[in-house]
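Engineer: Residue numbers (our numbering): 52 to 403. Note that the Cβ used here is the ideal one computed from N, Cα and C, for glycine as well. Given the structure is predicted, the values throughout are model-derived calculations rather than measurements.
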Amino acid sequence: MTILGRPDDEGLPLQQRVTDPALTEGSILRPLLRLALPFALANLLNQANLIIDRLWVGQVGTEALAALGIAHAALMVVMTLGMGMAVGTLAGVARSIGARRPGDAAAVFGQGVLISLVTGTGLALSALFVPPWIMAFMGAEPAVAQPATDYLAVGLLGQLVGAPLMVVTFALQGAGEANAALKVSAVSPIVNAALDPIFIFTLGLGMPGAAWATNAALAVTLGVGVWVVRRGDLNLVVRRSGFRPDREVAAGILRIGVPGTLEHTVRTVASFSLVKLLTAFGAIVLSAYTSVMVLLMTLILPGIALGQATASLVGQNLGAEQPRRAWRTAWTSAGLYAAFMVVLGLALVFAA
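1. Just how far apart, CA to CA, sit residue 211 and residue 377?
2. Would the segment 101-109 count as touching the segment 336-345 if we require 3 or more Cβ pairs under 8 Å?
3. Here's the rule I'm using: 16 or more other beta-carbon atoms within 10 Å means buried, otherwise exposed. How should residue 155 be labelled?
4. Check whether the segment 144-159 and the segment 347-360 are in contact - that is, three or more C-beta pairs closer than 8 Å.
5. Buried or exposed: which applies to residue 114, given that a residue is buried once 16 or more other Cβ atoms fall within 10 Å of its Cβ?
6. Is the segment 345-354 close to the segment 381-393, with three or more CB pairs under 8 Å?
7. CB-CB under 8 Å to residue 305, same chain, minus the five flanking residues each way: which ones, in chain order?
8. So, helix, strand or coil for residue 18, using DSSP?
9. Report, in whole angstroms, the separation of the C-beta atoms of residue 337 and residue 347, which I expect to be a contact under 8 Å.
10. Alpha carbon to alpha carbon, how far is residue 364 from residue 75? Give it in angstroms, no decimals.
11. Verify whether the separation of the beta carbon atoms of residue 287 and residue 144 is less than 8 Å.
12. Going by DSSP, what residue range makes up the alpha helix (DSSP H) through residue 286?
13. Need the endpoints of the alpha helix (DSSP H) that residue 374 sits in, please.
14. Report the option in 362, 269, 124 and 382 whose CA atom is closest to the CA atom of residue 238.
15. At the level of alpha carbons, what is the spacing between residue 361 and residue 249?
16. How would you label residue 169, buried or exposed, when you count the other beta carbons within 10 angstroms and need 16 or more for buried?
17. Between which two residues does the alpha helix (DSSP H) containing residue 162 stretch?
18. In three-state terms, what does DSSP make of residue 102?
19. What span of residues does the alpha helix (DSSP H) with residue 258 cover, start to end?
20. Which residue marks the beginning of the alpha helix (DSSP H) containing residue 304, and which one marks its end?
21. DSSP on residue 146, reduced to helix/strand/coil?
22. So what does DSSP say about residue 78, is it helix, strand or coil?
23. Among 164, 125 and 100, whose alpha-carbon lies nearest the alpha-carbon of residue 289?
24. Could you work out which residue in 278, 294 and 386 is closest to residue 223 when comparing CA atoms only?
25. Locate the alpha helix (DSSP H) running through residue 362, then write down its first and last residues.
26. What does the alpha-carbon distance come out to for the pair residue 252 and residue 246?
27. Looking at the structure shown, is residue 110 part of a helix, part of a strand, or coil, going by DSSP?
28. When the Cα atoms are used, what is the spatial distance from residue 260 to residue 379?
29. Look at the alpha carbon of residue 162 and the alpha carbon of residue 215, and state the distance between them as a whole number of angstroms.
30. What are the uninterrupted segments assigned as alpha helix (DSSP H) that are 4 or more residues long and contained completely in the segment 179-207, given in chain order?
31. Taking one C-beta from the segment 309-322 and one from the segment 93-104 each time, how about it: are there three or more such pairs within less than 8 Å?
32. Please name the residue, chosen from 293, 229, 317 and 298, that lies closest to residue 276 on a Cα-to-Cα basis.
33. Give the secondary structure of residue 85 by DSSP, where H, G and I count as helix, E and B as strand, and everything else as coil.
34. Taking Cβ positions, are residue 273 and residue 219 nearer each other than 8 Å?
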């Protein structure tokens with residue numbers, strides 16, 4: 052029984068025709084943690100990009116840091132479009148790998164990349180008119196609004212590479228290749244840390260220079276990600292045929308990705324609304340909020356990592372026709388994160 056109704060993958064190497072039995076058999080907690088740890092480290096590295104930007108932009112001034120907070124909040128809202136499609140790709144790849152159908156996984160990956168290119172192009176084109184509208188809505192003072200507008204425009208242009216990169220890393224996660232995803236994610240903060248001072252100070256671009264540095268880092272990381280996937284020694288394979296438009300496969304990604312997009316949009320719009328409220332209190336309050344948000348985002352990284360590991364394991368178990376194990380995996384992950392947050396919450400209360 053195939054997932055996408057495609058012929059058997061007889062010509063593929065052995066390691067590309069089987070999933071890791073440890074992910075669909077035996078202990079649930081062990082593979083959950085085994086995947087979640089590299090995912091958490093990868094998320095921490097992605098978070099490092101924000102920290103690096105804030106450290107360098109903070110040297111420009113309070114208004115620049117406040118502008119960065121507004122621009123990031125707005126950018127996160129529009130980036131949910133790419134994230135939703137990446138989640139759909141992850142789910143499709145995971146289920147295909149679990150069913151021992153790497154050809155199906157290759158098709159899902161190819162269609163996910165195509166959708167991300169369309170999404171990224173649309174977001175890049177929105178850079179021509181969306182940033183001024185958003186800043187007018189926010190009502191920020193001119194010293195904050197102008198650099199925020201410039202940063203947001205550059206950030207939207209960066210989705211030409213950012214959206215496909217998200218699909219590549221999420222597809223690796225769906226295939227259970229957590230270590231490969233971690234290695235790819237490690238590239239971006241290293242390149243960003245090297246380029247930030249050059250773009251911001253040496254080239255004299257100021258706060259928007261951080262966005263150009265991030266875009267360059269994303270482009271390099273995407274190149275590394277493509278190289279990693281094309282090596283051919285992973286569960287995730289690349290086929291030219293997978294990049295031919297396929298309405299059936301694309302529809303499957305959208306069926307999962309659109310609800311995921313709506314879910315992420317609710318959260319990001321809530322954060323954006325809070326930034327809108329804080330704008331009335333001036334640059335100092337906004338810059339303080341921008342700094343504190345780094346800490347808050349870092350604290351929830353374990354939960355995000357568990358969610359990614361759960362999505363991969365649930366997909367692979369469903370593909371392996373083990374729905375009960377998939378159900379138990381989801382509840383085990385939820386219980387583990389709830390316990391973690393209780394312990395963390397108590398620690399913060401007593402440390403205050």
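Structural biologist: Working from what's here:
1. When rounded, the distance between both Cα atoms is 34 Å.
2. A contact between stretches requires three or more CB pairs, one per stretch, nearer than 8 Å, and the segment 101-109 meets this requirement with the segment 336-345.
3. Residue 155 comes out buried.
4. no
5. buried
6. For the pair of segments examined, the segment 345-354 was found to touch the segment 381-393: the number of CB pairs separated by less than 8 Å reaches three.
7. 136, 139 and 166
8. The question about residue 18 has no answer, for the chain in this structure spans 52 to 403.
9. So it is not a contact: roughly 15 Å between Cβ atoms.
10. Cα-Cα distance, rounded: 7 Å.
11. Cβ atoms of residue 287 and residue 144: closer than 8 Å.
12. Neither: residue 286 is in no alpha helix (DSSP H) and is coded neither H nor E.
13. 374-402
14. 269
15. 39 Å
16. Answer is exposed; the Cβ neighbour count stays below 16.
17. 153-177
18. helix
19. Per DSSP, residue 258 belongs to no alpha helix (DSSP H) and is neither H nor E.
20. 298-330
21. Residue 146 sits in a helix when the DSSP states are folded into three classes.
22. coil
23. 164
24. 278
25. 352-370
26. When only Cα atoms are considered, residue 252 and residue 246 end up about 10 Å apart.
27. coil
28. 47 Å
29. 11 Å
30. Entirely contained in the segment 179-207, the alpha helix (DSSP H) runs reaching 4 residues are, in chain order, 181-189.
31. no
32. 229
33. helix
34. Yes, the pair counts as a contact, with Cβ atoms nearer than the cut-off.
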